[in-house]
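Residue numbers (the working numbering): 25 to 566.
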């Protein structure tokens with residue numbers, strides 16, 4: 025049983041009745057939201073929360089009435105993305121989190137879940153049976169450049185120490201619009217991109233060639249999902265409004281093709297070097313869960329040299345970041361154990377989450393629930409805390425050691441085909457952690473097909489075969505069943521012919537007016553309705 029930290033914002037409980045280890049990222053203090061399905065039914069994504077080694081299925085809690093009376097239709101928590109939930113006010117996010125903590129607390133009087141063995145079997149899904157999905161449908165994605173340590177390192181590399189930061193950097197959070205369509209969930213493969221490469225790095229006049237990226241890199245970042253009702257187009261958000269518009273935070277890997285970027289970025293910045301993949305962790309951690317870990321940014325208690333313009337001034341700047349330990353590991357294609365190559369921290373941020381959101385809206389840009397805003401690469405002040413291989417290898421001039429690798433030499437300047445990059449983060453409390461889990465991705469050779477693309481192609485082929493082939497549809501139905509009539513109507517609207525197998529449920533009370541033949545009864549011994557039987561034209565299976 026896992027001890028609860030006494031400074032919980034929502035209620036004073038003492039422990040969870042679900043076992044949670046001290047190094048778990050998902051104790052009762054956390055309660056992150058995500059979208060999951062089961063391996064046995066991967067096509068049914070739905071909302072869940074993580075607790076220890078289980079996922080709590082909120083559809084099961086909704087069906088049991090345990091999420092009623094929270095002030096909004098709890099059916100929102102049965103949907104296949106978090107977007108509708110994100111679109112609510114923060115008070116409702118807090119209400120759901122508090123209700124789940126009540127249900128999971130051993131000391132609370134709400135035992136509707138803990139005392140119901142049938143409901144527990146339905147609602148608690150072991151993590152080994154779970155498939156995670158994207159938490160939300162992302163409308164727009166923006167990436168910032170908010171770590172002074174990172175910006176200074178890159179500036180020194182390309183412009184020299186005396187001109188490391190551009191004149192605007194200390195006055196506003198620099199950012200650029202990214203590509204939402206290529207943001208993927210942890211575990212998705214990343215294909216090495218092809219693109220234009222400068223023929224001679226010292227002489228741009230020689231033009232470019234086309235080929236695979238040779239300088240593939242990761243970027244250690246965090247990102248937050250926007251929540252709440254969108255501000256009207258033309259009305260900026262204020263600093264006082266900003267925190268209530270941040271639904272929650274994830275770990276993010278902004279994959280980068282450095283050689284493609286070097287050729288294309290003048291004068292408008294990166295384009296195809298950044299649009300091929302961005303990976304995010306699947307569990308969204310709320311700011312309430314991180315509240316006990318507030319801290320100053322690396323700039324200290326205040327931004328004074330220079331002082332930001334009034335709209336960017338945060339009265340709580342001295343505790344506007346969070347003490348979240350961030351780690352990057354690389355596992356080579358032949359390695360059995362990943363090697364840690366960097367340990368950084370979210371506190372190495374000059375511009376905080378609220379400032380990023382407020383500046384994004386300063387011109388009146390409307391910020392919508394499900395929008396994703398990345399922090400930019402988060403680097404610390406030491407060589408072992410750098411958030412990218414560009415910095416770790418100092419533009420390819422030195423090697424980054426991989427302590428657990430069996431390769432000879434066990435080093436990297438940039439990523440190789442077959443490398444898996446794993447990023448994780450957690451805030452350490454007294455005997456517990458509030459964590460984000462991990463975001464991982466494996467690098468495939470240029471021109472490869474990802475497992476996701478292969479699965480999609482196989483599904484499309486199967487669907488096409490089934491659409492063209494005989495389905496041998498049989499509908500087991502009962503004339504008094506309204507759900508049976510709905511299925512019959514759907515089949516009719518689709519123009520699908522089927523064999524009607526009548527199931528009479530009245531014999532159970534003595535009426536024997538309608539009987540089903542023995543062959544059909546043998547196929548449906550429980551007399552379930554409506555039940556649709558069909559043949560898979562690709563496999564021939566029924």
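Ideal Cβ placement from N, Cα and C applies to all residues, glycine included.
Just so you know, these numbers come straight off a predicted model, no measurement behind them.
Should residue i be labelled buried (16 or more other beta-carbon atoms within 10 Å of its own) or exposed?
{"i": "residue 182", "result": "exposed"}
{"i": "residue 165", "result": "buried"}
{"i": "residue 378", "result": "buried"}
{"i": "residue 333", "result": "exposed"}
{"i": "residue 142", "result": "exposed"}
{"i": "residue 201", "result": "exposed"}
{"i": "residue 523", "result": "exposed"}
{"i": "residue 476", "result": "exposed"}
{"i": "residue 42", "result": "buried"}
{"i": "residue 292", "result": "exposed"}
{"i": "residue 471", "result": "exposed"}
{"i": "residue 147", "result": "buried"}
{"i": "residue 355", "result": "buried"}
{"i": "residue 550", "result": "exposed"}
{"i": "residue 498", "result": "buried"}
{"i": "residue 327", "result": "buried"}
{"i": "residue 407", "result": "exposed"}
{"i": "residue 399", "result": "buried"}
{"i": "residue 125", "result": "buried"}
{"i": "residue 131", "result": "exposed"}
{"i": "residue 416", "result": "buried"}
{"i": "residue 277", "result": "buried"}
{"i": "residue 481", "result": "exposed"}
Under 8 Å between the Cβ atoms of residue i and residue j?
{"i": "residue 467", "j": "residue 443", "result": "yes"}
{"i": "residue 175", "j": "residue 189", "result": "yes"}
{"i": "residue 357", "j": "residue 428", "result": "no"}
{"i": "residue 220", "j": "residue 232", "result": "yes"}
{"i": "residue 82", "j": "residue 73", "result": "yes"}
{"i": "residue 235", "j": "residue 117", "result": "no"}
{"i": "residue 450", "j": "residue 349", "result": "yes"}
{"i": "residue 465", "j": "residue 214", "result": "yes"}
{"i": "residue 106", "j": "residue 308", "result": "yes"}
{"i": "residue 279", "j": "residue 301", "result": "yes"}
{"i": "residue 263", "j": "residue 382", "result": "yes"}
{"i": "residue 403", "j": "residue 173", "result": "yes"}
{"i": "residue 54", "j": "residue 313", "result": "yes"}
{"i": "residue 401", "j": "residue 412", "result": "yes"}
{"i": "residue 390", "j": "residue 256", "result": "yes"}
Quickly, what does DSSP pair residue i with across the bridge? List them, please.
{"i": "residue 524", "result": "499"}
{"i": "residue 457", "result": "452"}
{"i": "residue 234", "result": "220"}
{"i": "residue 201", "result": "166"}
{"i": "residue 319", "result": "345"}
{"i": "residue 62", "result": "65 and 154"}
Within its chain, find whatever has a CB closer than 7 Å to the CB of residue i; leave out the 5 residues flanking it on each side and keep chain order.
{"i": "residue 577", "result": "Because residue 577 is not part of the residues shown, which for the chain are 25 to 566, the question remains open."}
{"i": "residue 194", "result": "330"}
{"i": "residue 435", "result": "423, 424, 425 and 426"}
Using a Cβ-Cβ cutoff of less than 6 Å, which residues in the same chain neighbour residue i once the five nearest sequence positions on both sides are dropped?
{"i": "residue 392", "result": "163 and 254"}
{"i": "residue 139", "result": "none"}
{"i": "residue 239", "result": "282, 283 and 438"}
{"i": "residue 69", "result": "59, 61, 104 and 157"}
{"i": "residue 441", "result": "467 and 469"}
With a cut-off of 8 Å on the beta carbons, I'd call residue i and residue j a contact; round off their distance for me.
{"i": "residue 344", "j": "residue 376", "result": "4 Å"}
{"i": "residue 501", "j": "residue 526", "result": "7 Å"}
{"i": "residue 364", "j": "residue 351", "result": "6 Å"}
{"i": "residue 305", "j": "residue 461", "result": "5 Å"}
{"i": "residue 199", "j": "residue 168", "result": "4 Å"}
For residue i, which residues of its own chain have a beta-carbon under 8 Å away from its beta-carbon, when the five flanking residues on both sides are left out?
{"i": "residue 101", "result": "71, 82, 83, 85, 86, 91, 109 and 120"}
{"i": "residue 206", "result": "299, 300, 301 and 302"}
{"i": "residue 561", "result": "489, 490, 492, 493, 494 and 495"}
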